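Quick note: the sequence shown, position 181, residue 868 per the working numbering, numbers continuous. All residues carry an ideal CB built from backbone N, CA and C; glycine is no exception. Please read all numbers here as calculations on a predicted model, not as lab measurements. See structure below.
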Amino acid sequence: MNRSTLDKLISSTGLLIAILLLAASGGLFYAHNFVHTQVHDQLAQQKIMFPEANSKALNALPDTDKRMVSTYAGQQLVTGAQAKVFADNYIAVHLKKSAGGKTYAEASSAALENPSDTKLAGQVQLLFRGETLRGMLLNAYAFDTMAMVAKYAAIVSLIGGILLFILAALGFRHAKTAKVQTKKRK
688 MNRSTLDKLI SSTGLLIAIL LLAASGGLFY AHNFVHTQVH DQLAQQKIMF PEANSKALNA
748 LPDTDKRMVS TYAGQQLVTG AQAKVFADNY IAVHLKKSAG GKTYAEASSA ALENPSDTKL
808 AGQVQLLFRG ETLRGMLLNA YAFDTMAMVA KYAAIVSLIG GILLFILAAL GFRHAKTAKV
868 QTKKRK
């Protein structure tokens with residue numbers, strides 16, 4: 688096989704891979720935009736607000752949680768990162784205080800054993816609602832994280848596709864010069 692044919696085969700393969708990478712990049716950018724927008728729009732509709740700086744709600748938190756929550760003080764919760772902080776450093780702290788550190792499963796089991804305890808029944812309802820909201824917020828965080836991974840993968844695919852496209856073009860150019868050099872040698 689002569690050099691020109693080999694260059695054309697390698698360049699054609701590179702061009703096909705470049706096209707695939709560019710198409711994947713477009714799909715990944717779309718996925719990022721779709722998921723990120725959905726997370727933002729769904730969270731915005733909930734109108735969840737972080738406590739204001741120096742508010743009683745913020746000052747009641749342990750120092751580590753207070754630092755995390757104060758990063759977004761007074762802001763509306765609209766991103767996955769904010770959802771994680773609100774779920775882990777605000778809701779979780781309040782839930783631990785509400786039933787003496789018991790989880791919903793633990794409090795619910797205790798309530799089943801003592802159905803006449805209205806205080807425990809109230810704690811079960813509070814824990815159920817809080818843990819449900821917390822779970823939904825953590826799902827928003829997970830989806831927003833996947834959107835960011837898709838964005839980075841899209842960027843890498845775009846760069847790889849462009850580089851392979853350039854290399855394929857250079858390979859086709861070299862195939863022409865290799866053909867000319869072969870003719871000159873004969």
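For this session: Please report the residue range of the alpha helix (DSSP H) in which residue 694 lies.
Result: 690-733
Problem set entry | Whole-angstrom distance between residue 747 and residue 757, CA atom to CA atom | 12 Å
For this session: Please check the pair residue 813 and residue 796, which I expect to be a contact at CB under 8 Å, by giving their CB distance rounded to whole angstroms.
Result: Their Cβ separation, rounded to whole angstroms, is 16 Å, which puts residue 813 and residue 796 out of contact at 8 Å.
For this session: Would you be able to state if there are at least three C-beta pairs under 8 Å between the region 804-822 and the region 768-784?
Result: yes
Problem set entry | Supposed contact pair residue 730 and residue 770 - C-beta distance, whole angstroms, cut 8 Å | 6 Å
Problem set entry | Cβ-Cβ separation, residue 821 to residue 774 (assumed contact under 8 Å), whole Å | 4 Å
Problem set entry | Same chain only: Cβ atoms within 7 Å of residue 697, ignoring 5 sequence neighbours per side | 858
Exercise. For residue 794, does the count of other Cβ atoms within 10 angstroms reach 16, so buried, or fall short, so exposed?
Worked result: buried
For this session: For the alpha helix (DSSP H) containing residue 791, list its first residue and its last residue.
Result: 791-800
Exercise. Expressed to the nearest angstrom, what Euclidean distance is found between the alpha-carbon atoms of residue 854 and residue 848?
Worked result: 10 Å
Exercise. Helix, strand or coil: which one does DSSP assign to residue 810?
Worked result: helix
Exercise. Which whole-angstrom value is the C-beta distance of residue 830 and residue 726, which I expect to be below 8 Å?
Worked result: 5 Å
For this session: Can you grab the Cα-Cα spacing for the pair residue 842 / residue 719, in whole Å?
Result: 11 Å
Problem set entry | Helix, strand or coil at residue 769 according to DSSP, with G and I counted as helix | helix
For this session: List the endpoints of the continuous alpha helix (DSSP H) containing residue 746.
Result: 743-746
Exercise. Tell me which same chain residues have a C-beta within less than 8 Å of the C-beta of residue 733, skipping the five on either side of it?
Worked result: 764
Exercise. Residue ranges of each beta strand (DSSP E) run of no fewer than 3 residues wholly in the region 810-872, ordered along the chain?
Worked result: none
Exercise. Roughly how many angstroms lie between the CA atoms of residue 818 and residue 839, to the nearest whole one?
Worked result: 31 Å
For this session: Find the nearest neighbour of residue 776 within the set 865, 850 and 760, judged by alpha-carbon distance.
Result: 760
For this session: Pull up the distance between the alpha-carbon of residue 768 and that of residue 714, whole angstroms please.
Result: 24 Å
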